[in-house]
Amino acid sequence: QLSARWSTLSADARWKLKVSIASSVVKKTLKDYGSAVRAFLGWCDRNNIPPAQRLPIPETVLLRYLADNLEDIRASTYTTRRSALALWHSIHGYDFSVDSIISKRIGRAARLLQPEAVPSRPPVRLDDLYVIRNALPIERDRASAAIWACLSFAFFALARLGELTVDVLSAPRDPRDRSSRCHWSLRSREGSVAPTAILRLPTEKVQGPNGVDLIAAEQRTSPSICPVAAVRWHLHVNSEVPPDAGAFAFIDKDGLVHELRTQFCVDTANAALTAARRAPITAHCLRIGGTTFYMAAGISEADIRRHGRWKSDAMLVYLRRLYVAAGRAFADVDPTHG
8 QLSARWSTLS
18 ADARWKLKVS
28 IASSVVKKTL
38 KDYGSAVRAF
48 LGWCDRNNIP
58 PAQRLPIPET
68 VLLRYLADNL
78 EDIRASTYTT
88 RRSALALWHS
98 IHGYDFSVDS
108 IISKRIGRAA
118 RLLQPEAVPS
128 RPPVRLDDLY
138 VIRNALPIER
148 DRASAAIWAC
158 LSFAFFALAR
168 LGELTVDVLS
178 APRDPRDRSS
188 RCHWSLRSRE
198 GSVAPTAILR
208 LPTEKVQGPN
218 GVDLIAAEQR
228 TSPSICPVAA
238 VRWHLHVNSE
248 VPPDAGAFAF
258 IDKDGLVHEL
268 RTQFCVDTAN
278 AALTAARRAP
288 ITAHCLRIGG
298 TTFYMAAGIS
308 EADIRRHGRW
318 KSDAMLVYLR
328 RLYVAAGRAF
338 ADVDPTHG
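Take a look at the structure:
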């Protein structure tokens, strides 16, 4: 139904306004919000909520929905649901009316009642990288060269794997959202500045459409897992990949260009780790691994935050407590005190 405040606007003006409001969040968040709105509409169907009370949502219906099954969802799910419905109302020109105090109390209840916490994702360690590197025949297989370059670059550049790969091959690629082969630049040593591999990301989760440079520096102390060397080799053996293809697209054995899928990348890494009897990883473990590696090496957290584009200190504090500080403080304790 049409909101009263927008009833005087032309259809074209309303559409442009809706697109503008929807563009206030990045596409990944908008996709998640869309799923949350569909979850609400499904709840309405199951609970016989009449269409007139689905948009705008009366406060009583909204509070009932937010409080429903609170013990079965995570606090982050509650936050996403509330934010999604708020944006949905804004897009269609309606006020999102809910008592802020009650909403905050439900949010706190969600944190206290949430299911058992998901086990923390362990960081990728240097030993894991060595295992993966030694298992991949990058000298004779161009897909392996792309996978290794992607993993090494993600670790040392503190990049999200999703920024470097595609989820599904059938999904259309928007060149404004994902890095392409033409966005690479390799810089040689300049005075005291080490060689670097730089990948321009046209748009970014925090920076938005301004984009950002993902940077990995040469690791002379660990030459076999150096990200600059890995990227150079990938670009060399996959030189036939067109410039508008993905940054880690590769040529298969039949001479065809393939985008590097996130799951293919992770599965290949886990096959190597499983063969070496090491724990499997998830995509985010690379970013966590690189962060804890730099922390343990004594690099300032201000530099790490800038390098990893962390929005706040919360994740750095968490990782320091979980993987770095505890290891330093409680390791090699003198047994005579027992």
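Quick note, the sequence shown lines up with residues 8 to 345 if you use our numbering.
Cβ atoms here follow ideal geometry from the backbone N, Cα and C, with glycine treated the same way.
Since this is a predicted model, take the numbers as computed values, not measurements.
Answer with buried or exposed for residue i, where buried requires no fewer than 16 other C-beta atoms within 10 angstroms of its C-beta.
{"i": "residue 266", "result": "buried"}
{"i": "residue 243", "result": "exposed"}
{"i": "residue 272", "result": "buried"}
{"i": "residue 245", "result": "buried"}
{"i": "residue 258", "result": "buried"}
{"i": "residue 63", "result": "buried"}
{"i": "residue 187", "result": "buried"}
{"i": "residue 298", "result": "buried"}
{"i": "residue 26", "result": "exposed"}
Relative to the C-alpha of residue i, which residue among the options is closest?
{"i": "residue 172", "options": "208, 74, 222 and 310", "result": "208"}
{"i": "residue 293", "options": "93, 139, 102 and 202", "result": "139"}
{"i": "residue 107", "options": "70, 44 and 286", "result": "70"}
{"i": "residue 35", "options": "169, 263 and 257", "result": "169"}
{"i": "residue 30", "options": "95, 277 and 228", "result": "95"}
{"i": "residue 75", "options": "113, 19 and 103", "result": "113"}
{"i": "residue 195", "options": "224, 303 and 24", "result": "224"}
{"i": "residue 185", "options": "229, 48 and 253", "result": "253"}
{"i": "residue 159", "options": "47, 210 and 296", "result": "296"}
{"i": "residue 238", "options": "276, 145, 284 and 228", "result": "145"}
{"i": "residue 275", "options": "142, 317, 161 and 264", "result": "142"}
For the alpha helix (DSSP H) that residue i lies in, which residues bound it at each end?
{"i": "residue 61", "result": "That residue, residue 61, is in no alpha helix (DSSP H); it is neither H nor E in DSSP."}
{"i": "residue 45", "result": "34-53"}
{"i": "residue 134", "result": "133-142"}
{"i": "residue 168", "result": "168-171"}
{"i": "residue 281", "result": "269-282"}
{"i": "residue 71", "result": "66-74"}
{"i": "residue 306", "result": "From DSSP, residue 306 is part of no alpha helix (DSSP H); its letter is neither H nor E."}
{"i": "residue 154", "result": "149-164"}
Cα separation between residue i and residue j?
{"i": "residue 314", "j": "residue 301", "result": "10 Å"}
{"i": "residue 10", "j": "residue 45", "result": "20 Å"}
{"i": "residue 226", "j": "residue 262", "result": "32 Å"}
{"i": "residue 311", "j": "residue 251", "result": "30 Å"}
{"i": "residue 163", "j": "residue 256", "result": "20 Å"}
{"i": "residue 179", "j": "residue 66", "result": "Any reading at residue 179 must be qualified, since the residue scores a pLDDT of 47, below 50, and its modelled position is unreliable; no value is offered."}
{"i": "residue 20", "j": "residue 103", "result": "22 Å"}
{"i": "residue 72", "j": "residue 249", "result": "49 Å"}
{"i": "residue 50", "j": "residue 12", "result": "28 Å"}
Between which two residues does the beta strand (DSSP E) holding residue i run?
{"i": "residue 22", "result": "Taken as a continuous stretch (DSSP letters only), residue 22 belongs to no beta strand (DSSP E), being part of the alpha helix (DSSP H) at 18-29."}
{"i": "residue 220", "result": "219-224"}
{"i": "residue 192", "result": "191-194"}
{"i": "residue 237", "result": "Element bounds for residue 237: not the beta strand (DSSP E) but the alpha helix (DSSP H), 234-244."}
{"i": "residue 201", "result": "Per DSSP, residue 201 belongs to no beta strand (DSSP E) and is neither H nor E."}
Would a check of beta-carbon distances place residue i closer than 8 Å to chain C?
{"i": "residue 87", "result": "The structure shown has no chain C; it contains just one protein chain."}
Query raised in the report: Given 8 Å as the limit, is there contact between the segment 188-208 and the segment 229-236, that is, 3 or more CB pairs closer than that?
Result: These segments touch.
Query - At least three beta-carbon pairs within less than 8 Å, the segment 128-135 to the segment 269-289 - result: Enough Cβ pairs lie closer than 8 Å, so yes.
Report task. Report yes or no: do the segment 139-155 and the segment 218-229 share at least 3 C-beta pairs separated by less than 8 Å? Result -> The segment 139-155, when compared against the segment 218-229, does not touch it at the 8 Å Cβ threshold.
Query raised in the report: Counting pairs of beta carbons, one from the segment 50-58 and one from the segment 185-198, are three or more of them closer than 8 Å?
Result: The answer is no - the segment 185-198 does not touch the segment 50-58, with fewer than three Cβ pairs under 8 Å.
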